[in-house]
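Visitor: The working numbering puts the sequence shown at residues 20 to 287.
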Amino acid sequence: MIPALYAKIKHIIAQYLTIFKLTGLETPVIGRPKKINNTDALTFALYQHASTRATKKSVYEDFKKTLACSYKTFVVSINKVAELSLRLLSIFMRFNRQASHLVKYTDATDIPVCLKKNMDEHKTMRSLAGLGRSTKGWFYGLKMTLTRDHEGKMLALRFTKPGENDRDVFREINKDIYGIIVADAGYVSVQLEKDMNLEGKRWVMIRPFKTMKKLMTKWQEQLYKGRFKIEFDFRDLKLFHGLVTSLPRSVSGYLANYLHALVSFVVA
20 MIPALYAKIK HIIAQYLTIF KLTGLETPVI GRPKKINNTD ALTFALYQHA
70 STRATKKSVY EDFKKTLACS YKTFVVSINK VAELSLRLLS IFMRFNRQAS
120 HLVKYTDATD IPVCLKKNMD EHKTMRSLAG LGRSTKGWFY GLKMTLTRDH
170 EGKMLALRFT KPGENDRDVF REINKDIYGI IVADAGYVSV QLEKDMNLEG
220 KRWVMIRPFK TMKKLMTKWQ EQLYKGRFKI EFDFRDLKLF HGLVTSLPRS
270 VSGYLANYLH ALVSFVVA
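1) Identify whether D203 lies in helix, strand or coil by the three-state DSSP scheme.
2) At what residues does the alpha helix (DSSP H) containing Y273 begin and finish?
3) Is the distance from the Cβ of M163 to the Cβ of L150 below 9 Å?
4) State yes or no: is the C-beta of P181 within less than 9 Å of the C-beta of R152?
5) Using only the alpha-carbon positions, how far apart do I38 and K29 sit?
6) For the beta strand (DSSP E) containing Y124, name the first residue and the last one.
7) Taking the alpha-carbon positions, what's the S178 to G198 distance?
8) From the DSSP secondary-structure annotation, give me the bridge partner or partners of F247.
9) Look up S104 in the DSSP assignment and say whether it is helix, strand or coil.
10) Within a Cβ cutoff of 7 Å, which residues of the same chain sit near V78, ignoring the five residues on either side of it in sequence?
11) For the beta strand (DSSP E) containing A118, list its first residue and its last residue.
12) Expressed to the nearest angstrom, what Euclidean distance is found between the alpha-carbon atoms of I225 and N56?
13) From the DSSP output, which residues share a beta bridge with V223?
14) Which residue from D139, K172 and K135 puts its Cα closest to that of G156?
15) Could you give the DSSP three-state label for R72: helix, strand or coil?
16) Which of the three DSSP states, helix, strand or coil, is assigned to A87?
17) For the alpha helix (DSSP H) containing A148, name the first residue and the last one.
18) Looking at I192: is its Cβ nearer than 9 Å to the Cβ of T128?
19) Just confirm the distance between the C-beta atoms of L274 and A118, as a whole number of angstroms; I'd bet it's less than 8 Å.
20) With distances taken from CA atoms, which of E212, K172 and E170 is nearest D187?
21) Give a single yes or no on whether F247 has its beta carbon closer than 8 Å to a heavy atom of the ligand NAD.
22) State the start and end residues of the unbroken beta strand (DSSP E) segment that holds K162.
23) Can you have a look at Y272 and say buried or exposed, based on whether 16 or more other CB atoms are within 10 angstroms of its CB?
24) Using beta-carbon positions only, say whether T143 and P52 come within less than 9 Å of one another.
25) Is it the case that the Cβ atoms of R59 and P22 are separated by a distance below 9 Å?
26) Give me the Cα-Cα distance between A287 and F259, rounded to the nearest whole angstrom.
27) Pop quiz: M215 and R246 are said to be a contact at Cβ under 8 Å. What is the actual Cβ separation, rounded to whole angstroms?
28) Please classify L217: does DSSP put it in a helix, a strand, or coil?
Below is the structure:
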């Protein structure tokens, strides 16, 4: 019996692929036909993340009787459609920016790839990961910077090493976003506000440090308080959509996990 969640996700994905004219990627021009087509592979991936399954193996076991392929083929198929997830995310964010709420929020979160004590032995993500520090302490992995609007629409996204300059990342992902962009004290910079503010188009509001003597109006305080929304997004992505993992054995596996988790968060 096909789980109701799987059927729901497949219906949604099939609609998006048709609307955005991505169904032409289903059949290869040359070579043998795919054991698992793109729609099914992406559905399996999103089903794993939306159902909080810890591993691809558990999803494979659920559908093993109906799948005419090995577990290895199943994993390869899911990793390959990461490109499709990336294209969908790009389309979603482009449309969201065109109809976004006036108020936006930007923040970053840690994406560990392994425990800090294992970082010296970790080889898979060595070329992309780095040592960083968050409010929870030191971690080894990546940093994800996200901009979303007041209504929850994802507008911009960037994965970087923890050592990347947060202000430079802020400039890059928000260069085509307008309105009021609110950020926390980690982005405090007079130069950043000067560079990003555009008369009548964009105003960057960075919450001052508690030690800074800066007046704050009541409405500014309310906007700053709205930052909890993006922190809840990070929590949901990690707890309920499997964004953070240490299980993949390849770079493509890690990247596929991140992209599928984000698409799951958006559509499921």
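Glycine is no exception: its CB is placed at the ideal position from the N, C-alpha and C atoms.
Guide: So, from the data block:
1) The count along the sequence shown starts at 1 and reaches residue 203 at position 184. In this structure, D203 counts as coil in the three-state DSSP scheme.
2) Locating residue 273 in the sequence shown gives position 254, counting from the first residue. Where Y273 is concerned, the enclosing alpha helix (DSSP H) stretches over V270 to V286.
3) Position 144 of the sequence shown, counted from the start, is the residue given in the question as residue 163. Position 131 of the sequence shown, counted from the start, is the residue given in the question as residue 150. The Cβ atoms of M163 and L150 do not sit closer than 9 Å to each other.
4) One-based indexing of the sequence shown puts residue 181 at position 162. One-based indexing of the sequence shown puts residue 152 at position 133. P181 places its beta carbon less than 9 Å from that of R152.
5) Numbered from 1 along the sequence shown, position 19 holds the residue referred to as residue 38. Numbered from 1 along the sequence shown, position 10 holds the residue referred to as residue 29. Going by the C-alpha atoms only, they are around 14 Å apart.
6) Numbered from its first residue, the sequence shown carries residue 124 at position 105. Where Y124 is concerned, the enclosing beta strand (DSSP E) starts and stops at V122 to C133.
7) Indexing the sequence shown from 1 puts residue 178 at position 159. Indexing the sequence shown from 1 puts residue 198 at position 179. The question names Ser, but residue 178 is Phe in the sequence shown. Rounded to whole angstroms, F178 to G198 spans 23 Å at the Cα level.
8) Locating residue 247 in the sequence shown gives position 228, counting from the first residue. Looking at the DSSP output, F247 bridges to nothing.
9) Translated into the one-based positions of the sequence shown, residue 104 becomes position 85. In this structure, S104 counts as helix in the three-state DSSP scheme.
10) Counting from one through the sequence shown, the residue named residue 78 turns up at place 59. Excluding positions up to five away in sequence, the list reads F63, Y66, Q67 and R72.
11) Here residue 118 refers to the residue found at position 99 when the sequence shown is read from its first residue. Careful: A118 lies outside any beta strand (DSSP E) and carries neither H nor E.
12) For this step, residue 225 is matched to residue 206 along the sequence shown. For this step, residue 56 is matched to residue 37 along the sequence shown. Inter-residue distance for I225 and N56 is about 46 Å (C-alpha atoms, whole angstroms).
13) The residue given as residue 223 occupies position 204 in the sequence shown. Among the bridge pairs identified by DSSP, V223 is matched with I200.
14) In the sequence shown, the residue the question calls residue 156 occupies position 137. For G156, the nearest C-alpha among the options comes from K135.
15) Taking the first residue of the sequence shown as position 1, residue 72 is located at position 53. Correct three-state label for R72: coil.
16) Locating residue 87 in the sequence shown gives position 68, counting from the first residue. Reduced to three states, the DSSP call for A87 is coil.
17) The sequence position of residue 148 within the sequence shown is 129, counting from 1. No alpha helix (DSSP H) holds A148; DSSP gives it neither H nor E.
18) Taking the first residue of the sequence shown as position 1, residue 192 is located at position 173. Taking the first residue of the sequence shown as position 1, residue 128 is located at position 109. Going by C-beta atoms, I192 is not nearer than 9 Å to T128.
19) Position 255 of the sequence shown, counted from the start, is the residue given in the question as residue 274. Position 99 of the sequence shown, counted from the start, is the residue given in the question as residue 118. 28 Å between Cβ atoms; not a contact.
20) If you number the sequence shown from 1, residue 187 lands on position 168. Ranking E212, K172 and E170 by Cα distance to D187 puts E212 first.
21) Among the components of this structure there are no ligands whatsoever, and the ligand NAD is therefore not found.
22) Working through the sequence shown from its first residue, we reach residue 162 at position 143. Counting along the chain, the unbroken beta strand (DSSP E) around K162 starts and ends at G156 to D168.
23) In the sequence shown, the residue the question calls residue 272 occupies position 253. Rather than Tyr, the amino acid found at residue 272 in this sequence is Gly. Taking a 10 Å sphere around the C-beta of G272, we find 16 or more other C-beta atoms and assign the residue as buried.
24) Here residue 143 corresponds to residue number 124 of the sequence shown, with the count starting at 1. Here residue 52 corresponds to residue number 33 of the sequence shown, with the count starting at 1. With a cutoff of 9 Å on beta-carbon distance, T143 and P52 are scored as not near each other.
25) Working through the sequence shown from its first residue, we reach residue 59 at position 40. Working through the sequence shown from its first residue, we reach residue 22 at position 3. One detail in the question is off: residue 59 reads as Asp in this sequence, not Arg. Against a cut-off of 9 Å, the Cβ pair of P22 and D59 comes out as no contact.
26) Taking the first residue of the sequence shown as position 1, residue 287 is located at position 268. Taking the first residue of the sequence shown as position 1, residue 259 is located at position 240. A straight line joining the alpha-carbon of A287 with that of F259 spans about 11 Å.
27) As a first step, residue 215 must be located in the sequence shown, where it is residue number 196. As a first step, residue 246 must be located in the sequence shown, where it is residue number 227. With a Cβ gap of about 17 Å, M215 and R246 do not count as contacting.
28) Residue 217 sits at position 198 when you count from the first residue of the sequence shown. In this structure, L217 counts as strand in the three-state DSSP scheme.
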